[in-house]
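Letter 28 of the sequence shown, counting from 1, is numbered 1018 in the numbering used here, and no numbers are missing.
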Amino acid sequence: AMVFGGVMESTNMLRVITASIMKLANSTGSLVASTAGTCVFFNVTASDQYLAIVVPGRMFAETYKDRGLKPEVLSRTLEDSGTVTSVLIPWNTCGATQSSVLGVSTWTYAPYAFFNIISPFMTILFAYLNIKIRRFTDK
């Protein structure tokens, strides 16, 4: 995960991808939604939770800082969308591990994983409503 993220960053691929996404993210809510969507995208396509956290974290860190958002906002978004959704993807390492440990398919336990399903949506909703969004101007 670290090597992939490092290569993406050193070749400026992350900067180009982030710039494209930022054209659509004009508000704090849309920035958090973009981050959450990117985390879920990496969970589905890269099949590893760590890539779904590290790569979007590196992609959006500068943008969050530029917009006056404290690092906690990015960290919470990565956790609420990258970490908790990984167990819902059957081919993700976390989903495969949980499925093996529980002895049931991911699709069997997914309908009962309320927190994992609701968490990214609540994070996005809170960002649009400006609830618990910490800024550098806050005391």
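We put the CB at the ideal spot given by N, CA and C, even for glycine.
If you draw a straight line from the Cα of residue 1011 to the Cα of residue 1102, it comes to about 32 Å. When C-alpha distances from residue 1026 are compared across 1119, 1109 and 1057, the shortest belongs to 1109. Per DSSP, reduced to three states, the secondary structure at residue 1057 is coil, with no helix or strand assignment. For the options 1048, 1013 and 1118, the alpha carbon positioned closest to that of residue 1065 is the one of 1048. Taking the C-beta atoms as reference points, residue 1037 is found no nearer than 8 Å to residue 1097. Assignment of residue 1124 by DSSP, reduced to helix, strand and coil, places it in the coil class. Closest in C-alpha terms to residue 996, from the list 1023, 1045, 1033 and 1029, comes 1045. The three-state secondary structure of residue 1094, taken from DSSP, is coil.
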